[in-house]
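Chemist: Taking the numbering used here, the leading residue of the sequence shown gets 1, the next gets one more, and so forth.
Quick one: this structure, given as structure tokens, is what I'll be asking you about.
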Amino acid sequence: MKTYAMMVLGCKVNDFESNYVKELMDRDYCEVNFKDVADIYIIFTCCVTNTAEAKTRKFIRACRRNNPDAYIVAVGCYAQVKKDEEIFNDVDLVIGSKHKDKIKEYIDAHVHKNDVSSLDDVEFEELSVDNYYRKSRAFLKIQDGCNQYCSYCIIPYARGRQRSAKLIDVVNQATKLAKTTKEIVLTGIHTGRYFDGEHHLVDLLKEIDKIEGLETIRLSSIEISEISDELLDYMKNSKKMAHHLHIPLQAGSNHILKLMNRPYTVEDYIKRVEEIRQAIPNISISTDLIVGFPMESEEDFSETLESLKKIGFSFIHIFPYSRKKGTKADSFSGHLSNELKKTREKAVMSLQKDYSQAYKDRQVNTIAHVFVEKVEDGYSYGYTKEYLYTQIKGEYKVGEIISVLLKEAKEDIMIGEICY
1 MKTYAMMVLG
11 CKVNDFESNY
21 VKELMDRDYC
31 EVNFKDVADI
41 YIIFTCCVTN
51 TAEAKTRKFI
61 RACRRNNPDA
71 YIVAVGCYAQ
81 VKKDEEIFND
91 VDLVIGSKHK
101 DKIKEYIDAH
111 VHKNDVSSLD
121 DVEFEELSVD
131 NYYRKSRAFL
141 KIQDGCNQYC
151 SYCIIPYARG
161 RQRSAKLIDV
171 VNQATKLAKT
181 TKEIVLTGIH
191 TGRYFDGEHH
201 LVDLLKEIDK
211 IEGLETIRLS
221 SIEISEISDE
231 LLDYMKNSKK
241 MAHHLHIPLQ
251 AGSNHILKLM
261 NRPYTVEDYI
271 KRVEEIRQAI
281 PNISISTDLI
291 VGFPMESEED
301 FSETLESLKK
311 IGFSFIHIFP
321 YSRKKGTKAD
331 SFSGHLSNEL
341 KKTREKAVMS
351 LQKDYSQAYK
361 DRQVNTIAHV
371 FVEKVEDGYS
381 YGYTKEYLYT
391 QIKGEYKVGE
401 IISVLLKEAK
411 EDIMIGEICY
């Protein structure tokens, strides 16, 4: 039997799409480690940052070194926006953001082709998954594409306009996944804008909530302007919905938000976070933040730090600004040095450390529900519904959800004790 190896870069959407391809490949091929010699290599690419693009190039070269005769496939966002780059001359099959359903067909026929096509009027691509192999929890793509065109972001060009799966198709897919997992993460490029022409996100959540065997529903990310009162009311009353929202802020300065083409002000964001916490007091709110955006002055950065103090996130994903050709921000003046970006990144990390710890400290002596993801050396590890990584003494089944009393909040992990 021929072998294949897969490397997945980037977001949860890539993860879901790669799982679809894996399910097809496993019917006729044997998967091996990506570092091993394989007959076929499949790389799900990412172009969000220059680092992600560099990793794609690195892995393509590594594949050819491992096996000069290998059949190499590059899939996804980087392939979509940079299909004519020299690196793809050494790739046998290049697939962008369309035609992922044809990957195995092309591999079986040993087709050599650059099949990157226009995303104009592209439809939502239905990729059905029966079982989630790569993680104990399952990601489920419900939406694709973005209409926002933030000035720093290449994704609308890589994924196309926003579009959504039909509600009935998502529910059927979630029902299948619930047979092998107790937690599903709904994901997309712009998840909060889910709309299938008739149903919005809350309509979908209410239907998924009815699925037997499913215990936790989680949203991967959502914009502040998309958190409706109806969504908050559903989250508050649902026994299955995780009390965690990842809400990108990107900057805490109105001047920078405007340059980024973000559709809110700092004041809008803070006000809505306060309302969310009033509705669900124990909720975990995390965010994405870009530091070192073009023309970000010391005053702008100071405003961001003050905004972070006012909000008090449970954790922050910090990204030094990555210049991307083809985006509006690439043509801006006032690009900052990498050294200054790193300095500002460290400043945010230092500030955030106390707020992350404060949130964890408030969870001590509360009951949490932990989704077990790893068992090792007499301990079980997993995330609570508030997305706190937790260690529990004892070896419990991976994929099980257990009730624990949170006894201690260390810097990098919560310590829990099983509740009987």
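C-beta: ideal position from N, C-alpha, C; glycine also.
What beta strand (DSSP E) runs, 3 residues minimum, are completely inside the region 235–268?
Modeler: Entirely contained in the region 235–268, the beta strand (DSSP E) runs reaching 3 residues are, in chain order, 244–246.
Chemist: Check Ala420 in the structure and name its three-state DSSP category.
Modeler: Within the sequence shown, numbered from 1, the residue matching residue 420 stands at position 420. Reading the sequence as shown, one finds Tyr at residue 420 and not Ala. In this structure, Tyr420 counts as coil in the three-state DSSP scheme.
Chemist: Considering only the alpha carbon of each residue, which of Pro294, Glu23, Ile413 and Lys179 lies closest to Ser337?
Modeler: Sequence index remark: in the sequence shown, residue 337 carries index 337 (1-based). When only C-alpha atoms are compared, the closest one is Pro294.
Chemist: What first and last residue would you give for the alpha helix (DSSP H) that runs through Tyr106?
Modeler: One-based indexing of the sequence shown puts residue 106 at position 106. From DSSP, the alpha helix (DSSP H) with Tyr106 extends over Ile103 to Asp108.
Chemist: From Gly326, Glu395, Leu351 and Asn282, pick the residue whose C-alpha is nearest to that of Ile316; which is it?
Modeler: Start at 1 with the first residue of the sequence shown, and residue 316 comes out as number 316. For Ile316, the nearest C-alpha among the options comes from Leu351.
Chemist: Can you list, in chain order, the residues of its chain with a C-beta nearer than 7 Å to that of Gln80? Leave out the 5 residues immediately preceding and following it.
Modeler: One-based indexing of the sequence shown puts residue 80 at position 80. Gly96, Ser97, Val116 and Ala158.
Chemist: Give the DSSP-derived three-state secondary structure of Arg163 in the structure shown.
Modeler: As a first step, residue 163 must be located in the sequence shown, where it is residue number 163. Looking at Arg163 - three-state DSSP - the assignment turns out to be strand.
Chemist: Out of curiosity, what's the CA-to-CA distance linking Gly10 and Lys353?
Modeler: As a first step, residue 10 is located in the sequence shown; it is residue number 10 there, counting from the start. As a first step, residue 353 is located in the sequence shown; it is residue number 353 there, counting from the start. Distance between the alpha carbons of Gly10 and Lys353 is about 25 Å.
Chemist: Among Glu23, Ile40, Gly378 and Ile367, whose alpha-carbon lies nearest the alpha-carbon of Glu408?
Modeler: Locating residue 408 in the sequence shown gives position 408, counting from the first residue. Minimum Cα distance to Glu408 is reached at Ile367.
Chemist: Where DSSP assigns a beta bridge to Cys77, which residues make up the other side?
Modeler: Here residue 77 refers to the residue found at position 77 when the sequence shown is read from its first residue. DSSP output for Cys77 lists no bridge partner at all.
Chemist: Just the C-alpha distance for Ala174 and Ser284, rounded to the nearest angstrom, thanks.
Modeler: Indexing the sequence shown from 1 puts residue 174 at position 174. Indexing the sequence shown from 1 puts residue 284 at position 284. Distance between the alpha carbons of Ala174 and Ser284 is about 24 Å.
Chemist: Straight-line CA distance for Leu214 to Lys182?
Modeler: Position 214 of the sequence shown, counted from the first residue, corresponds to residue 214. Position 182 of the sequence shown, counted from the first residue, corresponds to residue 182. One C-alpha to the other measures close to 5 Å.
Chemist: Thinking just about the alpha-carbon of each residue, which of Glu230, Lys271, Val348 and Lys324 is nearest to the one in Asp288?
Modeler: Here residue 288 refers to the residue found at position 288 when the sequence shown is read from its first residue. The shortest C-alpha separation from Asp288 is found at Val348.
Chemist: Which residues in the same chain as Tyr20 place their Cβ atom closer than 6 Å to its Cβ, once the five residues preceding and following it in sequence are excluded?
Modeler: As a first step, residue 20 must be located in the sequence shown, where it is residue number 20. Counting only Cβ-Cβ distances below 6 Å, and skipping sequence neighbours, we find Leu127 and Val129.
Chemist: Where does Asn14 fall in DSSP's three states?
Modeler: Residue mapping note: residue 14 aligns to position 14 of the sequence shown, counting from 1. Here Asn14 sits in helix by DSSP.
Chemist: Quick one, are the C-beta atoms of Asp83 and Val94 less than 8 Å apart?
Modeler: Indexing the sequence shown from 1 puts residue 83 at position 83. Indexing the sequence shown from 1 puts residue 94 at position 94. A small correction: the amino acid at residue 83 is Lys; Asp does not occupy that position in the sequence shown. Yes, the Cβ-Cβ distance between Lys83 and Val94 is below 8 Å.
Chemist: Do Leu204 and Ile142 have their CB atoms nearer than 8 Å?
Modeler: Within the sequence shown, numbered from 1, the residue matching residue 204 stands at position 204. Within the sequence shown, numbered from 1, the residue matching residue 142 stands at position 142. A contact, by the Cβ cut-off of 8 Å.
Chemist: Report buried or exposed for Asn365, applying the criterion of at least 16 other Cβ atoms within 10 angstroms of its Cβ.
Modeler: By one-based count along the sequence shown, residue 365 stands at place 365. Classification of Asn365: exposed, given that the 10 Å Cβ count is below 16.
Chemist: Could you check what DSSP says for Asp229 in three-state terms: helix, strand or coil?
Modeler: Taking the first residue of the sequence shown as position 1, residue 229 is located at position 229. If DSSP states are grouped into helix, strand and coil, Asp229 belongs with the helices.
Chemist: May I ask you to report which of helix, strand or coil DSSP gives Cys63?
Modeler: Taking the first residue of the sequence shown as 1, we reach residue 63 at position 63. The answer is helix: DSSP assigns Cys63 an H, G or I state.
Chemist: Check whether the Cβ atoms of Ile311 and Leu232 lie closer than 8 Å to each other.
Modeler: Your numbering for residue 311 matches position 311 in the sequence shown. Your numbering for residue 232 matches position 232 in the sequence shown. Result no, Cβ atoms of Ile311 and Leu232 do not sit closer than 8 Å.
Chemist: Along the chain, where does the alpha helix (DSSP H) that runs through Met349 open and close?
Modeler: For the purposes of this step, residue 349 is identified with residue 349 of the sequence shown, where counting begins at 1. Start and end: Asn338 to Gln363.
Chemist: Measuring straight from C-alpha to C-alpha, what distance separates Val122 and Asp377?
Modeler: Residue mapping note: residue 122 aligns to position 122 of the sequence shown, counting from 1. Residue mapping note: residue 377 aligns to position 377 of the sequence shown, counting from 1. The straight-line gap from Cα to Cα measures roughly 49 Å.
Chemist: By DSSP, does Leu305 sit in helix, in strand, or in coil?
Modeler: Residue 305 sits at position 305 when you count from the first residue of the sequence shown. Looking at Leu305 - three-state DSSP - the assignment turns out to be helix.
Chemist: Can you name the start and end residues of the beta strand (DSSP E) that Asp288 belongs to?
Modeler: Counted from its first residue, the sequence shown places residue 288 at position 288. Asp288 -> beta strand (DSSP E) spans Ser284 to Val291.
Chemist: Please return the same chain residues whose Cβ sits closer than 7 Å to the Cβ of Tyr133, not counting the five positions on each side in sequence.
Modeler: Mapped onto the sequence shown, residue 133 falls at position 133. These residues qualify, in order along the chain: Asn19 and Lys22.
Chemist: Could you check if Asn14 is buried or exposed, using at least 16 other CB atoms within 10 Å of its CB as the buried criterion?
Modeler: Position 14 of the sequence shown holds residue 14. Result: buried.
Chemist: Give the range of the beta strand (DSSP E) segment to which Leu405 is assigned.
Modeler: In the sequence shown, the residue the question calls residue 405 occupies position 405. Here the beta strand (DSSP E) through Leu405 covers Ile401 to Ala409.
Chemist: Using a Cβ distance threshold of 8 Å, determine whether the region 356–364 contacts the region 327–343, with at least three qualifying pairs required.
Modeler: Counting Cβ pairs under 8 Å, fewer than three are found: no touch.
Chemist: Can you tell me whether Ala54 is buried or exposed? The criterion is at least 16 other CB atoms within 10 Å of its CB, across all chains shown.
Modeler: Here the question's residue 54 lines up with position 54 in the sequence shown. Counting Cβ neighbours within 10 Å, Ala54 comes out exposed, since fewer than 16 surround it.
Chemist: What residues match up with His335 in a beta bridge as DSSP calls it?
Modeler: In the sequence shown, counting from the first residue as 1, residue 335 sits at position 335. His335 is not bridged to any residue.
Chemist: What separation, rounded to the nearest whole angstrom, lies between the Cα atoms of Glu299 and Gly252?
Modeler: The residue you call residue 299 lines up with position 299 of the sequence shown. The residue you call residue 252 lines up with position 252 of the sequence shown. Spanning the two alpha carbons is a distance of roughly 11 Å.
Chemist: For Ala5, list the residues DSSP reports as bridge partners.
Modeler: Stepping through the sequence shown from its first residue, residue 5 is reached at position 5. According to DSSP, which records beta bridges pairwise, Ala5 is partnered with Tyr41.
Chemist: DSSP puts His99 in a beta bridge; with which residues?
Modeler: Position 99 of the sequence shown, counting from 1, holds the residue named residue 99. Per DSSP, none; premise fails for His99.
Chemist: Give me, in chain order, the residues of the same chain whose beta-carbon lies closer than 7 Å to that of Thr304; leave out the 5 immediate sequence neighbours on both sides.
Modeler: Residue mapping note: residue 304 aligns to position 304 of the sequence shown, counting from 1. Counting only Cβ-Cβ distances below 7 Å, and skipping sequence neighbours, we find Ala251, Gly252 and Ser253.
Chemist: Report back the beta-carbon spacing between Glu223 and Ile247 to the nearest angstrom; my notes put them in contact at under 8 Å.
Modeler: Translated into the one-based positions of the sequence shown, residue 223 becomes position 223. Translated into the one-based positions of the sequence shown, residue 247 becomes position 247. Yes, they are in contact, since the Cβ atoms of Glu223 and Ile247 sit about 7 Å apart, within 8 Å.
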